[in-house]
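Below is one structure, written out as structure tokens; comments come after it.
Protein chains in written order, with UniProt numbering: chain L, 1 to 607; chain S, 1 to 233.
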């Protein structure tokens, strides 16, 4: 399942100039003065030591010690994380780090997922792959999120990196099954091919048949988002000759019957299974309904279950044999009623991650609370994602969860009705919360019992959940809520605000508080120039700021851009060149080491 | 007889007629919704003319949101807002598909403008590609693009001739006798023709799919194609 953003690195590691040499009396055995050992010996020693440093933070710290350490760290870093593809150019990456084997690259800001940004904005993988093709022929792993990747990019990747092992594409687009086919065909050492929530066009290519014919190294194959039929026979063959396969996530074009056949082939090794459609085709039952439960009984190692894309509920009990082992269950594409759900969840005692639709209702959530004492992450999505839909879950479900699942760390909850009391309860019951994202779908909805704003509820969350790093707010919120956030949100790194606040003061509270804030995304809130200016002391220390449909003037944005030369200030607007517009449509600004990008489309103005 | 034509009324847009400022809003909403076409339809059909005035719910609407605050008992506006609730398109389309249980159109529509995707297959290549003919203005551009696309499969000889000079019979015969690849296409009548016989705009209209075949196999096409061509002119 897609990861949340986890970034702890400041950009300091990517500056082109190493830090000025500190005083020589520090612990660094620097090269110039007392030359007891030749440089290259020191470098080798350092290299051998630094290669054990894995964590990004540690490496960033190490690189600041002195020039030598900066240089050697650059030589030994094999995994690079780039949280914003426009924060630096590919050339800078290859100059700084010489032996990269693994790259994690993120592109578009998250609000692009919700149609708030026109298509073709950017985040192209092309310049990265072409630069790395020359610089890192030993590249093994590429992990992209919200990038625009074309078939040609995939073809270049497949041709340029003979040892390539892992390709993970999360929320990407721009490519199709023909690109996947090239990767499958040419990356002979491929272990991981994970396509997660990406838009993949159907080029009518039988990509499954493109895998090499001998035994493969495949460990993980996830194609549940591919909206194209596949050659099942070829898939059967592939699974049969992939002895290392542990994770298999099928798309909705694989029927229940086909799933059964696959499980009988390779079930005992699988640890993660995406079930595909979970519905039967039009076959008639010759000897009565097949025993799907037997196939699941064979799944002795499965701990992570997802899929159910076109669920036929009468077959759901077939998964019962695996429920006791499950640590992760994703029902979020299945419209399951409480009655169908309860017998299943009743067996899932070990569950830690649970995603579902709100069709399970408060009743279903109560069942989760009663059984899943180990729950760490809960996501409830709306079956009917409209503002004025019914909303079958409410504060009752949330209250139950808070009482039953005390180890909860991460919550995403869509609902139509909520109360401050439930949030206050959760803030006390679940002290381990690091991610709290509540979406009350009707805009500006107050506490539906008291009629008051949701200030106190969110206030309690930021105050009592001391480990909170990510917060998304909704409902009727006044400036007071933001005062709480600024004062108590000491560890908050990501904040999402929509249709909230009364005035500039709200945003000022956040920008003048929240010392760890990295990512700020705001839409449709009455924050203007005064608020924007109040944060100028910290924009360099943030990854990005997004503000759309707020009250920012072009003049103020220009002022910010002028005052902060290393900040790229993009104004993304509609195509009418109306100079008299009062407010800017969308402001997206981010720090960059290499100045404004050259590939901005017409509707983007970089100030 | 001259009539005053209200140009605004004849302007094409995706909005419903009537309502406040119908011309202004669709363009803005259209831009935001270029990606999700179903969103456009959903947005527009869900509109009521509310007191809040224009359904342009972006920047200009922000101050109007403030008046909503002051009266919490007022029910929220019924009009759907772009990107709210914040559910990813991917998830929304899966749910829509389930609800309608219809086959959804492949989401390869990039940009909402008119596109002319045709499949391109090449003899011997394991997979086919798709090109948008509207992206090119001439045979030369198309030829270059195809050459790049399939460069890993050719012996390097594709594209060396460029598009054939169709009127020159001997040149054509030379080409099909060589081992080079030639592009052919299936036109509206279902006939397979050599690419290059008609003016470019006509080609875009009539081409349904492309096939890059070995020159030797195209021998059968050449005379027929020329025959057709002669008949046309």
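Heads up, the beta-carbon is just placed ideally off N, CA and C, and yes, glycines get one too.
Which residue wins for smallest C-alpha separation from residue i, given the options the options?
i	options	result
residue 617 of chain L	L:533, L:97, L:195	What the structure shows of chain L is the stretch from 1 to 607, and residue 617 of chain L is not part of that stretch, so it cannot be assessed.
residue 80 of chain L	L:54, L:43, L:252	L:54
residue 143 of chain S	S:191, S:118, S:183	S:183
residue 271 of chain L	L:219, L:537, L:333	L:219
residue 304 of chain L	L:244, L:292, L:329, L:604	L:329
residue 133 of chain S	S:85, S:145, S:123	S:145
residue 280 of chain L	L:299, L:298, L:260	L:260
residue 414 of chain L	S:82, S:81, S:87	S:87
residue 347 of chain L	L:335, L:363, L:337, L:371	L:371
residue 146 of chain L	L:166, L:601, L:135, L:199	L:199
residue 177 of chain L	L:159, L:161, L:166, L:149	L:149
residue 584 of chain L	L:526, L:496, L:204	L:526
residue 71 of chain L	L:42, L:182, L:572, L:83	L:42
residue 498 of chain L	L:520, L:213, L:204, L:241	L:520
residue 173 of chain L	L:120, L:465, L:316	L:120
residue 416 of chain L	L:300, L:362, L:208	L:362
residue 256 of chain L	L:273, L:292, L:248	L:292
For residue i and residue j, which I take to be in contact (beta-carbon distance under 8 Å), what is that distance rounded to the nearest angstrom?
i	j	result
residue 531 of chain L	residue 508 of chain L	5 Å
residue 92 of chain S	residue 385 of chain L	6 Å
residue 90 of chain S	residue 197 of chain L	5 Å
residue 513 of chain L	residue 475 of chain L	The Cβ separation is near 21 Å, so there is no contact.
residue 528 of chain L	residue 567 of chain L	Contact doesn't hold; Cβ gap of about 19 Å is too wide.
residue 140 of chain L	residue 164 of chain L	6 Å
residue 570 of chain L	residue 554 of chain L	The pair is not a contact, with the Cβ atoms about 12 Å apart (cut-off 8 Å).
residue 84 of chain L	residue 543 of chain L	6 Å
residue 652 of chain L	residue 268 of chain L	Because chain L is modelled from 1 through 607, residue 652 of chain L falls outside the range shown and cannot be assessed.
Could you check if residue i is buried or exposed, using at least 16 other CB atoms within 10 Å of its CB as the buried criterion?
i	result
residue 56 of chain S	Only weak support is given to the placement of residue 56 of chain S: the predicted model assigns it a pLDDT of 36, under 50, and the value that follows is read from those uncertain coordinates. With 16 or more Cβ atoms within 10 Å of its Cβ, residue 56 of chain S is classed as buried.
residue 129 of chain S	buried
residue 587 of chain L	buried
residue 95 of chain S	buried
residue 153 of chain L	buried
residue 138 of chain L	exposed
residue 391 of chain L	buried
residue 234 of chain S	Within the shown structure, residues of chain S are numbered from 1 to 233, placing residue 234 of chain S beyond reach of any answer.
residue 382 of chain L	buried
residue 216 of chain S	exposed
residue 366 of chain L	buried
residue 99 of chain L	exposed
residue 57 of chain L	exposed
residue 134 of chain L	exposed
residue 77 of chain S	Residue confidence for residue 77 of chain S is low, a pLDDT of 47 falling below 50, so the modelled location carries little weight; the figure read from the coordinates is stated next. By the neighbour-count rule (16 or more Cβ atoms within 10 Å), residue 77 of chain S is buried.
residue 395 of chain L	buried
residue 52 of chain L	exposed
residue 244 of chain L	exposed
Along the chain, where does the alpha helix (DSSP H) containing residue i start, and where does it finish?
i	result
residue 155 of chain L	151 to 160
residue 620 of chain L	Beyond the ends of chain L as shown, which are 1 and 607, falls residue 620 of chain L; an answer cannot be given.
residue 63 of chain L	56 to 63
residue 340 of chain L	338 to 345
residue 128 of chain L	126 to 135
residue 586 of chain L	Counting along the chain, residue 586 of chain L falls outside any alpha helix (DSSP H), though it belongs to the beta strand (DSSP E) covering 586 to 591.
residue 257 of chain L	256 to 266
residue 116 of chain S	Careful: residue 116 of chain S lies outside any alpha helix (DSSP H) and carries neither H nor E.
residue 488 of chain L	479 to 488
residue 547 of chain L	Where residue 547 of chain L is concerned, there is no enclosing alpha helix (DSSP H), although the beta strand (DSSP E) it sits in stretches over 544 to 548.
residue 177 of chain L	177 to 186
residue 526 of chain L	First-last for residue 526 of chain L: undefined, no H or E at that position.
residue 90 of chain L	90 to 96
Along the chain, where does the beta strand (DSSP E) containing residue i start, and where does it finish?
i	result
residue 568 of chain L	567 to 572
residue 429 of chain L	Careful: residue 429 of chain L lies outside any beta strand (DSSP E), inside the alpha helix (DSSP H) at 420 to 429.
residue 362 of chain L	Counting along the chain, residue 362 of chain L falls outside any beta strand (DSSP E), though it belongs to the alpha helix (DSSP H) covering 361 to 371.
residue 412 of chain L	410 to 415
residue 235 of chain L	It is not in any beta strand (DSSP E) - residue 235 of chain L instead sits in the alpha helix (DSSP H) that spans 232 to 240.
residue 192 of chain S	192 to 194
residue 474 of chain L	It is not in any beta strand (DSSP E) - residue 474 of chain L carries neither H nor E in the DSSP assignment.
residue 204 of chain S	Element bounds for residue 204 of chain S: not the beta strand (DSSP E) but the alpha helix (DSSP H), 200 to 206.
Of all Cβ atoms in chain B, is any one closer than 8 Å to the Cβ of residue i?
i	result
residue 87 of chain S	Among the protein chains in the structure shown, which are L and S, there is no chain B.
Would you be able to state if there are at least three C-beta pairs under 8 Å between the region 396 to 411 of chain L and the region 444 to 451 of chain L? Taking a contact to require three or more Cβ pairs closer than 8 Å, the region 444 to 451 of chain L and the region 396 to 411 of chain L do not qualify as touching.
Does the region 351 to 359 of chain L come into contact with the region 374 to 385 of chain L, if we say contact requires no fewer than three beta-carbon pairs (one atom in each stretch) closer than 8 Å? Contact holds: three or more Cβ-Cβ distances are below 8 Å.
Does the pairing of the region 201 to 217 of chain L with the region 171 to 191 of chain L give three or more beta-carbon distances under 8 Å? Flag = yes, the region 201 to 217 of chain L and the region 171 to 191 of chain L touch.
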